[in-house]
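K.L.:
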Amino acid sequence: MTVEAQPVAGLPDPTDFGFSVVRESEIPDELLALVARVRDLVDTVAHTEADPAELREVDAALAQVTERLAGRRRDTGALLLHQPAGGPAEYGTVTNLVAGPTNPVAPPLVLAHADGGLRGEVTLNGIYQGPPGLVHGGWLAALLDQALGAAASAAGMPGLTANLTVDYRRPTPLNVPLTVTSRVTGTERRKVFVSAEIRHDGEVTAEGTAVMVRLAIPE
Ligand SMILES: CCCCCCCC/C=C\CCCCCCCC(=O)SCCNC(=O)CCNC(=O)[C@H](O)C(C)(C)COP(=O)(O)OP(=O)(O)OC[C@H]1O[C@@H](n2cnc3c(N)ncnc32)[C@H](O)[C@@H]1OP(=O)(O)O
Numbered sequence: 001m002t003v004e005a006q007p008v009a010g011l012p013d014p015t016d017f018g019f020s021v022v023r024e025s026e027i028p029d030e031l032l033a034l035v036a037r038v039r040d041l042v043d044t045v046a047h048t049e050a051d052p053a054e055l056r057e058v059d060a061a062l063a064q065v066t067e068r069l070a071g072r073r074r075d076t077g078a079l080l081l082h083q084p085a086g087g088p089a090e091y092g093t094v095t096n097l098v099a100g101p102t103n104p105v106a107p108p109l110v111l112a113h114a115d116g117g118l119r120g121e122v123t124l125n126g127i128y129q130g131p132p133g134l135v136h137g138g139w140l141a142a143l144l145d146q147a148l149g150a151a152a153s154a155a156g157m158p159g160l161t162a163n164l165t166v167d168y169r170r171p172t173p174l175n176v177p178l179t180v181t182s183r184v185t186g187t188e189r190r191k192v193f194v195s196a197e198i199r200h201d202g203e204v205t206a207e208g209t210a211v212m213v214r215l216a217i218p219e
């Protein structure tokens, strides 16, 4: 592979392109607490064996809560701005399925700069199940895709996944801490080559590589 070093140019201001931008610090603690509560709720509902009468009552109570919150709704495409000290601005979406802080379905995967790439820990409960007791392979691909895209983004080269290859090396258990790592391995014109791993107890359970194609930013 030819590796052409790409100068890390600053990104333009996304608000100039019509995106709304939310700084991480602008998300109220109360919303983060509610999101954590709903995560518990999703797991509880997925596994409940409560009686039908009780289920009807809970369903009615939740319908009221949903209606109460529905009045003020954030833009689905709102961007989340993370500004690491001394590094380029990093953008994701506020409701990103894997990492979005306001998305109760997101585990969420939180990645930080480490060893020339990114690293994070995540525990997946029963709602991410595929085979009994094991994480769904599609979710492992989603975790890897996110870590791969974030590695390119953290290096100042955000883009879209053009190609993703996943190898499942060992079954990945639910309800245990998993370590996710990723890094940029090369660049060629707009292509950014990235690799990532998921580990349990130090052993790789799944790994992936991707070609991310950098956003074509108008001059
Ligand atoms: C104003 C600032 C705003 C900042 C906003 C930041 C946003 C946040 C970003 C990042 C957060 C990190 C978290 C994200 C993580 C999740 C990522 C996802 O889930 S992405 C969703 C799934 N992926 C798609 O939906 C793509 C669909 N595909 C496309 O849109 C196009 O095919 C695209 C953009 C990938 C390429 O299209 P073309 O027209 O722009 O470019 P062409 O000329 O076709 O390709 C450019 C180069 O890439 C190669 N290429 C294209 N497709 C390839 C493929 N499948 N495999 C290998 N190479 C490929 C080509 O051969 C070419 O290479 P040669 O320079 O000629 O050598």
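According to UniProt numbering, the stretch in the sequence shown is residues 1 to 219, in order.
Even for Gly, the Cβ is constructed at its ideal location relative to N, Cα and C.
None of these values were measured; they are calculated from a predicted model.
1) Determine the contact status of I198 and T187, defining contact as a CB-CB distance below 8 Å.
2) Using a Cβ-Cβ cutoff of less than 8 Å, which residues in the same chain neighbour D115 once the five nearest sequence positions on both sides are dropped?
3) Spatial neighbours of A78 within its chain, please: C-beta separation below 6 Å, excluding the five flanking residues on both sides.
4) Using a 10 Å radius around the Cβ and a threshold of 16 neighbouring Cβ atoms, would you call D13 buried or exposed?
5) Please name the residue or residues paired with T93 in a DSSP beta bridge.
6) Buried or exposed, going by whether 16 or more other CB atoms sit within 10 Å of the CB of D59?
7) Just curious, the alpha helix (DSSP H) that E207 is in, first and last residue?
8) Out of curiosity, what's the CA-to-CA distance linking E57 and E49?
9) What does a CB cutoff of less than 7 Å around N125 pick up in its chain, not counting 5 residues either side in sequence?
10) Would you call E207 buried or exposed, if buried means 16 or more other Cβ atoms sit within 10 Å of its Cβ?
11) Select from R189, G202 and P177 the residue whose C-alpha is nearest the C-alpha of R169.
12) Can you check DSSP and say which residues form a bridge with Q129?
13) Can you tell me whether DSSP reads D145 as helix, strand or coil?
14) Please confirm whether any heavy atom of ligand 1 lies closer than 7 Å to the CB of A155.
15) Give me whichever residues DSSP pairs with R23 in a beta bridge.
P.N.:
Walking through what the data contain:
1) no
2) T181 and R183
3) S20, V22 and V94
4) exposed
5) L79
6) exposed
7) Taken as a continuous stretch (DSSP letters only), E207 belongs to no alpha helix (DSSP H), being part of the beta strand (DSSP E) at E203 to R214.
8) 14 Å
9) D43, L174 and N175
10) buried
11) G202
12) V135
13) helix
14) no
15) L81
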